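Data block below; observations after.
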Amino acid sequence: MSNNTVDNQNYLDQSPEVRERFARIKQREVILEVRDLSKRYATAQGETEALRNINFTVHRREFVCVIGASGCGKSTLIRTLAGLESQSSGEVLLDGKPISGPGRDRGMVFQGYSLFPWLTVKHNVMFGPQMSGVGNDSAERDARLWIDMVGLTKFADSYPHQLSGGMRQRVAIARALVNQPRILLMDEPFGALDAQTRSRMQTHLLEIWRNIDVTIFFITHDLDEAIYLADRILVLKPHPGEVVEMIEVPVPRPRSTAQFSSAAFLATKARLEALIHPPMPVETDSEDDDAARPRMVRFTDVADNVENL
Ligand SMILES: Nc1ncnc2c1ncn2[C@@H]1O[C@H](COP(=O)(O)OP(=O)(O)O)[C@@H](O)[C@H]1O
Ligand SMILES: [Mg+2]
């Protein structure tokens with residue numbers, strides 16, 4: 000098995016339906032455009048080049064995942080899109096307009112729970128609309144709608160500490176979506192959840208996304224999560240943080256967990272693995288290639304080669 004193909008399926012191969020879907024996506028308007036984005040941090044040890052010359056565009060209602068090893072600049076990138084961090088050079092355009100600070104057109108969901116612990120679920124979700132100046136009745140109506148949407152109707156009057164981790168992330172999603180953002184920015188939102196809850200949340204997020212007009216930009220370091228969710232996957236590499244590849248996920252929609260073992264899914268996963276975990280070079284003191292190869296000792300007297308049985 001080579002790195003890019005599994006059972007003769009290459010991650011670049013697209014069925015006609017998948018190809019048509021990407022053609023349709025590309026016809027939609029560009030929501031987000033990142034141009035030559037670079038970010039350097041000054042540290043005591045000198046400069047860290049967190050991002051270098053990042054370029055990509057995201058179309059309306061597209062689902063883009065970002066993947067890359069720890070420290071490759073994923074959080075720096077999403078914080079810049081959120082307007083919480085300013086770039087060293089380059090431009091970020093949302094609907095054609097430069098981003099110059101946080102705004103209601105972008106909703107954020109982080110891994111850590113960012114809810115107000117002293118407010119109920121309902122009041123946490125109402126907070127954004129109230130801040131924007133709509134009346135309390137209208138804020139409450141909107142909050143209830145989104146609390147229903149994330150399946151927490153019965154918990155509207157509960158406090159965050161009374162909820163499980165998955166439920167708290169549902170509140171965080173409702174709180175971001177109640178402002179009707181153009182784009183939802185999610186930084187490893189399910190990273191702290193157990194595997195089953197995480198899987199349920201992924202499916203739930205796809206359901207929500209199907210039903211509303213929102214574009215999703217989602218950071219993860221879980222390859223399965225990225226392939227299951229994304230239309231395209233932006234792969235970053237560290238030191239400096241650079242784009243290695245933007246992958247069009249060849250797995251058809253609607254997605255289901257049964258597709259995890261499909262040829263298209265596995266070929267994509269093999270490609271991501273090759274990009275993110277390149278083979279380790281064998282450390283050697285010797286100039287002699289043969290001497291560098293690990294020596295295998297045979298612990299059997301049976302003459303048959305098991306691979307040729
Ligand atoms: N506020 C900061 N000051 C200095 N260096 C930072 C700061 N934030 C991030 N970095 C550095 O920038 C690089 C990218 O970090 P980050 O965006 O958090 O990566 P990721 O989210 O992919 O793990 C890392 O080398 C990190 O140490
Ligand atoms: Mg991060």
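Residue 0 is where the sequence shown starts when you use numbering that gives the first Met the number 0, and the numbers rise one by one after that.
Glycine residues also receive a C-beta, built at the ideal position from the N, C-alpha and C atoms.
Owing to the predicted nature of the structure, the values given are computational and were not obtained by experimental measurement.
- Nearest in C-alpha terms to residue 151, of all of 106, 252 and 168, is 168.
- By the criterion of a C-beta distance shorter than 6 angstroms, residue 213 is surrounded in its chain by 183, once the five residues flanking it on both sides are discounted.
- The straight-line gap separating the alpha-carbon atoms of residue 96 and residue 58 is approximately 15 angstroms.
- Residue 271 and residue 156 have their C-alpha atoms some 43 angstroms from each other.
- Distance from the C-beta of residue 224 to the nearest heavy atom of ligand 2 is not below 8 angstroms.
- Annotation for residue 202: the continuous alpha helix (DSSP H) segment containing it runs 194-210.
- According to the DSSP assignment, residue 88 belongs to the beta strand (DSSP E) that extends over 88-93.
- Per DSSP, reduced to three states, the secondary structure at residue 160 is helical.
- Between residue 192 and residue 200, the alpha-carbon positions lie close to 9 angstroms from each other.
- Remark: the shortest separation between the CB of residue 276 and any heavy atom of ligand 1 does not fall under 8 angstroms.
- Between residue 146 and residue 170, the CB-CB gap stays under 9 angstroms.
- Nearest to residue 19 by alpha-carbon distance, out of 110, 248 and 261, is 248.
- If you check the C-beta of residue 218 against ligand 2, you find a heavy atom less than 8 angstroms away.
- Distances between the C-beta of residue 69 and the heavy atoms of ligand 2 include at least one below 8 angstroms.
- Minimum Cα-Cα distance from residue 48 among the listed residues 239, 306 and 16 corresponds to 239.
- Residue side-chain check: residue 187 places its Cβ nearer than 8 angstroms to a non-hydrogen atom of ligand 2.
- Counting only runs of at least 3 residues, the region 51-127 fully encloses the following beta strand (DSSP E) elements, listed from N- to C-terminal order: 62-66, 88-93 and 105-109.
- Within the DSSP bridge table, the entry for residue 45 names 42 as partners.
- About 6 angstroms separates the beta carbon of residue 14 from that of residue 251, a gap short enough to meet the 8 angstroms contact definition.
- Taking a cut-off of 8 angstroms for Cβ pairs, the region 130-138 and the region 158-168 do not touch, as fewer than three such pairs fall below it.
- Per DSSP, reduced to three states, the secondary structure at residue 256 is helical.
- By DSSP's assignment, residue 245 forms a beta bridge with 233.
- Here the alpha carbons of residue 106 and residue 189 stand approximately 16 angstroms from one another.
- The residue from 181, 268, 148 and 45 with its alpha-carbon nearest to that of residue 216 is 181.
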